[in-house]
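The next block holds one structure in the form of structure tokens; read it before the comments.
Chains as they are written, first to last, in our numbering: chain E, 5 to 152; chain Z, 14 to 104.
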């Protein structure tokens with residue numbers, strides 16, 4: 005099960021709406037081993053595409069160095085689908101390389117003014133398992149937003 | 014001195030769980046061959062045919078090797094190599 009606080013959930017949804025019709029992507033980092041997504045880090049989609057996302061290569065290095073320095077890991081890796089359901093595509097599955105992460109998919113296919121789908125999956129060795137999402141009022145510390 | 018190679022979570026099965034291992038070589042290609050001798054199987058996860066896999070990023074001293082000569086990128090003792098899987102996908 006993914007447990008995520010309301011503000012972080014809303015920040016992911018807002019990012020997906022903002023970048024629609026391109027795919028939005030990012031991570032929520034948390035203390036290593038904690039399974040607590042605490043630090044919201046929206047990333048630039050270097051592909052700037054409605055059908056593909058990829059973290060920019062130098063941003064990716066900076067992100068991992070930053071997480072290392074903080075003893076964090078990517079607890080959530082999120083991206084949006086803007087014309088299809090919030091379910092991992094074959095490409096998503098083939099490229100998923102963080103077996104410990106919760107892969108969150110958001111779909112804005114019904115439009116940015118409509119409710120969005122928000123679902124979470126484990127992807128390990130190309131096996132996809134959907135999991136329950138529990139949105140809780142908060143867990144400390146407060147969401148730290150970063151400018152793209 | 015040697016070359017430090019940072020290994021991502023998904024490849025630590027090849028390094029006995031180690032986050033960083035040391036290697037030697039004058040080019041990235043030689044470093045990967047050296048890694049393979051100590052950690053058999055890791056090379057195939059980094060290289061496909063004659064080139065780095067499209068969705069594996071390798072950095073030498075914080076520079077993405079795609080911009081510094083790929084597998085031919087020169088390395089020297091004391092350099093830091095970081096391997097990171099791309100975070101990517103698509104519908």
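Ideal Cβ positions, reconstructed from N, Cα and C, are used throughout, including at glycine.
Closest Cβ-Cβ distance between residue 76 (chain E) and chain Z: below 9 Å? Residue mapping note: residue 76 (chain E) aligns to position 72 of the first chain, counting from 1. By this cut-off, residue 76 (chain E) is not an interface position.
From which residue to which residue does the alpha helix (DSSP H) around residue 18 (chain E) run? For the purposes of this step, residue 18 (chain E) is identified with residue 14 of the first chain, where counting begins at 1. Its alpha helix (DSSP H) spans residues 10-23.
Identify each residue in the segment 44-63 of chain E for which the Cβ-Cβ distance to at least one residue of chain Z is less than 7 Å, and report them in chain order. 55, 56, 57, 58, 59, 61 and 62
Can you tell me whether residue 97 (chain Z) is helix, strand or coil according to DSSP? Walking along the second chain from the start, residue 97 (chain Z) turns up at place 84. Note: residue 97 (chain Z) maps to strand in three-state DSSP.
Exposed or buried, what is residue 53 (chain Z) when buried is set at 16 or more other beta-carbons lying within 10 Å of its beta-carbon? The sequence position of residue 53 (chain Z) within the second chain is 40, counting from 1. Looking at its Cβ environment, which holds fewer than 16 other Cβ atoms inside 10 Å, residue 53 (chain Z) is exposed.
Mark residue 76 (chain E) as exposed unless 16 or more other C-beta atoms lie within 10 angstroms of its C-beta, in which case mark it buried. Taking the first chain and counting its residues from 1, the one referred to as residue 76 (chain E) is at position 72. Buried: at least 16 other Cβ atoms inside 10 Å.
Please list, in chain order, the residues of the segment 103-136 of chain E that have any C-beta partner in chain Z closer than 8 Å. Here the close residues are 103 and 104.
Since residue 83 (chain E) is in the beta strand (DSSP E), which residue starts that stretch and which ends it? The sequence position of residue 83 (chain E) within the first chain is 79, counting from 1. 76-85 is the span of the beta strand (DSSP E), which, as asked, contains residue 83 (chain E).
Are the segment 79-95 of chain E and the segment 32-48 of chain E touching, with three or more C-beta to C-beta distances below 8 Å? yes
What does DSSP give as the partner residues of residue 79 (chain Z) in its beta bridges? On the second chain, residue 79 (chain Z) is found 66 positions in, with the first residue counted as 1. In DSSP, residue 79 (chain Z) forms no bridge with anything.
Taking the beta carbon of residue 104 (chain Z) as the centre, do at least 16 other beta carbons fall within 10 Å, making it buried, or is it exposed? Here residue 104 (chain Z) refers to the residue found at position 91 when the second chain is read from its first residue. Burial call: buried.
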